[in-house]
Ligand code: PEP
Ligand code: MN
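Numbering (my numbering), first residue to last: 5 to 641.
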């Protein structure tokens, strides 16, 4: 059962509830959500829920209807993010795990690890204990294989995962690896699940060859009841009558599972198809189905591979697949997980002196909770960072400049609406902030209303003018007589319709706004043009910039300047860029306040490195006035 606690519950009250449940023989887990804190009580014990309901601090008690409890979405509404070393799986991320089927030699795993890391994989796989159909096939290198896998992981700064086949190996394995893998054949090996669960470590749980989704989730429940809450599910094909492929990839399991559980679910197209040429299309199908990642087998000499050669991608094929996944990710509203670079201790120490300790940063954005800007925040920062919703863009800049927020996220451009000019102007005048990052979000609009409202009830629809304009075609065709009311913010429109209990109105906004306000999506995806993306800048004060920028390689610079009023003035600047082979990505001009008919220019430049820019800057300064570097960042696409 789920015990929903009052907002102001004290720790004494919480402890009393927990003790009462434990005394009755329940396993108790606390789940702290964005809104509520709940206790999940599971086990074989029976209790009259009213006994708990009357305890101080309890808001209500709800039974969990599913046989799996800890794994159930009923218990935890928010996605679980599983941390494997520095890599995070779940939420808006796509994590790619790759490597050979088996670790065959030290040289082999080091070679392949380097290649998959270079292409963008974030977790290294490789079997050391191989459960083979035939006892005469290669059984894996055992502990020697684990050693090589660990060495490869350390050398290329990647967490590693490998399959565990026996409870007696768990103890040895846990010192070598970052995530256990339970293979399809062992999904219902309950003794193994219990032993692995006890470690509390992350576990990748493959779906059994002929397991139903419910049986699969029950296996996850075993792991969770034994002590780990870090479980990643993996669809790897099931056995059907079809013989053309090794197994039948059950793509539909991905959205089904994601509805039933808060745990992340990924897919393995290699074991699902068994055929190299089918792996990439099915990997993309998995991503399109909503998978939080994929696991693929890669080998640089698959003809000689000791296992699963025919389904292993060549490194070049894997690299192409990574590029396709990168292109597909924003379409499904996700971003490809990258390995955060190591932040040098000197930078950490420097920012700790002046800023908030990392992990407790506050991130400012404009709009209400659930706004597209918050989606950009979640895409860039981890889910547990605190957010500071601000009324307008200037407030975001102020919060960052004053140190109330460590970072801010501001929209700068939409593929349909063009530049967000106000933010360019603010970037120019707010000299205490600098651009440190970039992020891209696909804008999907939905028709959102209070539960129970039907389309035919709607008389008014509220949204930001951009939201209304971007859904014009849908509104014209389906709701021609409905009044369109502009609102300052999309997510704000949703909370307004909710708070006013409107049963004859709807709002247009992104799905997080519906989830955040417990509202219903009546019609999803009503935007006229699906190629609707917004680009955001991450801003910070100078002292926090290095920490953020050290996450990935800087390849962009944003600058502003004015040019004298004479022929060819701008051309002179562009010529300097051309001579230094600097690619101009964007050029924007804005009128200068108080100087009619004079303009500042904003340039976004593709750069090779920051240090190499000094000469160019010196030359550009000679030709311009008011030159300022607005910031450096890593390109988002
Ligand atoms: C593997 O990933 O190496 C493997 C054996 O997969 P499965 O358990 O899905 O067959
Ligand atoms: Mn394999």
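Glycine included, C-beta positions come from ideal geometry on N, C-alpha and C.
Anticipated Cβ contact below 8 Å, residue 374 with residue 266, distance rounded: Actually they are not in contact, since the Cβ atoms of residue 374 and residue 266 sit about 18 Å apart, beyond 8 Å.
Residue 275: CB within 8 Å of a non-hydrogen atom of the ligand PEP: yes
Option in 279, 512, 639 with minimal Cα separation from residue 312: 279
Proximal residues to residue 502 (C-beta, below 7 Å), its chain only, five neighbours per side dropped: 454, 521, 523
Where residue 590 falls: helix, strand or coil (DSSP): strand
Alpha-carbon to alpha-carbon, residue 580 and residue 623: 7 Å
Interface flag, residue 156 vs chain D, CB-CB below 9 Å: This model lacks chain D altogether; it includes just one protein chain.
Length at least 4, wholly inside the stretch 97–174: the alpha helix (DSSP H) runs in chain order: 110–123, 147–159
Under 9 Å between C-beta atoms of residue 416 and residue 424: yes
7 Å CB neighbourhood of residue 330 in its chain, flanking five on each side removed: 340
Span separating the alpha-carbon of residue 494 from that of residue 448: 12 Å
Neighbourhood of residue 365 by C-beta distance below 6 Å, restricted to the same chain and skipping five residues each side: 389, 410
Residues that residue 393 bridges to, as DSSP identifies them: 369
Nearest to residue 513 (by Cα), restricted to the options 534, 474, 450: 450
Three-way DSSP call (helix, strand, coil) for residue 263 in this model: helix
Sequence-distant residues of its chain with Cβ nearer than 7 Å to residue 174 (five each side left out): 168, 199, 200, 203
Short Cβ contact (9 Å threshold) for residue 87 with residue 185: no
Residue 118 versus 283, 516, 71, 319, residue with shortest Cα-Cα distance: 319
The ligand COA heavy atom lying under 8 Å from the CB of residue 135: This structure does not include the ligand COA; its bound ligands are the ligand PEP and the ligand MN.
Assigned secondary structure, residue 278 (DSSP; H/G/I helix, E/B strand, else coil): coil
Rounded straight-line distance, which links the Cα of residue 205 to that of residue 17: 30 Å
CA-to-CA distance, residue 407 to residue 358, given in whole angstroms: Caution applies to residue 358, whose pLDDT of 45 falls short of 50 and renders its modelled position unreliable; the model cannot decide the point.
Cut-off 6 Å between Cβ atoms - residues of its own chain near residue 10, not counting five sequence neighbours on either side: 61, 63
Selection from 145, 24, 190 that minimises the alpha carbon distance to residue 214: 190
Residues near residue 94 in its chain [Cβ-Cβ closer than 7 Å; skip 5 each side]: 83, 84, 85, 86, 268, 296
Short Cβ contact (9 Å threshold) for residue 156 with residue 197: no
Whole alpha helix (DSSP H) elements within the stretch 522–587, 4-residue minimum: 546–553, 573–583
Any non-hydrogen atom of the ligand MN within 8 Å of residue 52 CB: no
Spatial distance of residue 401 from residue 430 (CA atoms): 8 Å
For residue 622, three-class secondary structure by DSSP: helix
Neighbourhood of residue 143 by C-beta, 8 Å cutoff - its chain only, sequence neighbours within 5 removed: 133, 134, 136
Counterpart residues of residue 76 in DSSP-defined beta bridges: 265
Three-pair Cβ contact test at 8 Å for the stretch 605–615 versus the stretch 573–590: yes
Beta-carbon proximity check, residue 607 vs residue 562, cutoff 9 Å: yes
Proximity test, residue 299 beta-carbon vs the ligand PEP heavy atom, cut-off 8 Å: yes
CA-to-CA distance, residue 141 to residue 33, given in whole angstroms: 43 Å
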